[in-house]
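Residue numbers (this note's numbering): -12 to 138.
If you want it as structure tokens, here you go:
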């Protein structure tokens, strides 16, 4: 073997050795790209998740109002037109109202409009509640649940 050939073999051994050494890992640029990708995905996913939570809370309020309305009407029918003084589970449980399904802010659970029960045999009544998201919903004796307070 000539000197040139030995030199080439030596160069080859050095370059092969350089790629098989124990210096595996990620470069700083690769790590930064991963962090940026995770940040972009989080920026998209977090607002969607929060929106889904708020929709679920509002849906729970609407369900509670519908159940309270049905139970109040059933109570009125069995008591010759009298309405319960409050819309609580102790009074309305036997009429299908099992209580609230969401955690309401203080004083914002389903209640009579004006905080007083309707008169006996009242043709009109309204029940309202405020969702944990801050949205107020109401339901009347003839209508479904709507956004906004009792009018």
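Note that the Cβ used here is the ideal one computed from N, Cα and C, for glycine as well. No experiment lies behind these values; they were computed from the predicted model shown.
Of the residues 89, 21, 104 and 55, the one whose Cα lies closest to the Cα of residue 43 is 89. When only Cα atoms are considered, residue 65 and residue 58 end up about 11 Å apart. For residue 116, the secondary structure class from DSSP, reduced to helix, strand or coil, is strand. The Cβ atoms of residue 99 and residue 92 lie no closer than 8 Å to each other. By alpha-carbon distance to residue 124, the top candidate from 20, 36 and 46 is 46. The continuous alpha helix (DSSP H) containing residue 27 extends over residues 15 to 65. Between residue 132 and residue 53 the beta-carbon gap is near 6 Å, inside 8 Å, which marks them as a contact.
Residue 106 carries a coil assignment under DSSP once its states are collapsed to helix, strand and coil.
Exclusion of the five residues before and after residue 41 leaves 120 as the residues of its chain whose Cβ lies within less than 7 Å of its Cβ.
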